[in-house]
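Numbering (my numbering), first residue to last: 2 to 272.
This is the structure we're talking about:
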């Protein structure tokens, strides 16, 4: 039986892919990628997100493209209240599979400043409220703010789950998100033998709580990187390498794992 893979997190709309998007979509389909999610991060790119979805879904040989618009915490200084209104319009007028990517990010020192972090929390909370109102799962972006993110999810009594994308927390944090109905998103980072914390998380929680993602054009699997000096563009066609790395970490059969991950994705995205 051929593999069925679901890329739960892509930025396949960004200009990096403008020269060869159709070819790469076809490559992904041949590689077994049956579906992918186009993720929002700033309101100015929402029109391109929609155009890319329409473009991919009109191709004869391509994964099915789903839409998940949202306002990314890393770009908090760009976000305005009217962007939340634009997001709500999309949720009203388009068939959106989820809200994302949303969350908290204190990776940069400036984002730890009380005023900016308070704005991140405010926009995260307002987007959770939209997801609750429209009954959508959320795709979470969290860096160095897992406890605060969990606290906000609990405060909102968020019950539609989703995916903790490109998970970077520890075992106990992963279990806390799972308890709230989330799956854990695994990227090409799993192919890095030095990502010991991630390997521990995966082995501890098991396949039933995981989903696959490329996060393209970033998070390129180690085996696909052609240079250590500069970024190698990641694409949805690289998803089988993420599966392979995950199967090696879990010491299980790739085909069985692929089917489990497909079912996990269907469940958490309510398909």
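All C-beta atoms, glycine included, are put in the ideal place defined by N, C-alpha and C. Values in this document were obtained by computation on a predicted structure and should not be read as measured data.
Annotation for residue 250: no beta strand (DSSP E) segment contains it, though the alpha helix (DSSP H) segment containing it runs 240-251. In this model, residue 124 and residue 62 are separated by some 37 Å (Cα to Cα).
In the displayed model, residue 123 falls within a helix according to three-state DSSP. Pairing residue 171 with residue 198 gives a Cβ-Cβ distance under 9 Å. Every alpha helix (DSSP H) of 4 residues or more that sits fully in the stretch 107-160 is shown, in chain order, as 115-134 and 147-156.
Here the C-alpha atom of residue 215 lies approximately 30 Å from the C-alpha atom of residue 83. The C-beta of residue 155 has fewer than 16 other C-beta atoms within 10 Å across all chains shown, which makes the residue exposed.
Under the three-state reduction of DSSP, residue 203 is assigned to helix. Taking residue 242 as the centre and dropping the five residues before and after it, the same chain places the C-beta of 189, 192, 222, 224 and 225 closer than 8 Å to its C-beta, in chain order.
The alpha helix (DSSP H) runs of length 4 or more contained entirely in the stretch 78-105 are, from start to end of the chain, 82-94. Using a Cβ distance threshold of 9 Å, residue 106 and residue 142 count as a contacting pair. When only Cα atoms are considered, residue 187 and residue 258 end up about 13 Å apart. The beta carbon of residue 58 lies closer than 7 Å to those of 65 and 66 in the same chain, with the five residues before and after it left out. According to DSSP, residue pairing for residue 67 in a beta bridge involves 38. Taken through DSSP and simplified to helix, strand or coil, residue 165 comes out as strand.
Under the 8 Å Cβ criterion, the stretch 67-75 does not count as touching the stretch 19-34, having fewer than three qualifying pairs. When 151, 122 and 200 are compared, the shortest CA-CA separation from residue 180 is found for 151. Annotated three-state conformation of residue 24 is helix, per DSSP. Going by C-alpha positions, residue 103 is about 7 Å away from residue 128. A residue is called buried when at least 16 other Cβ atoms come within 10 angstroms of its Cβ; residue 195 does not meet this threshold and is exposed. The closest CA to that of residue 247, considering only 233, 262, 135 and 238, is found on 262.
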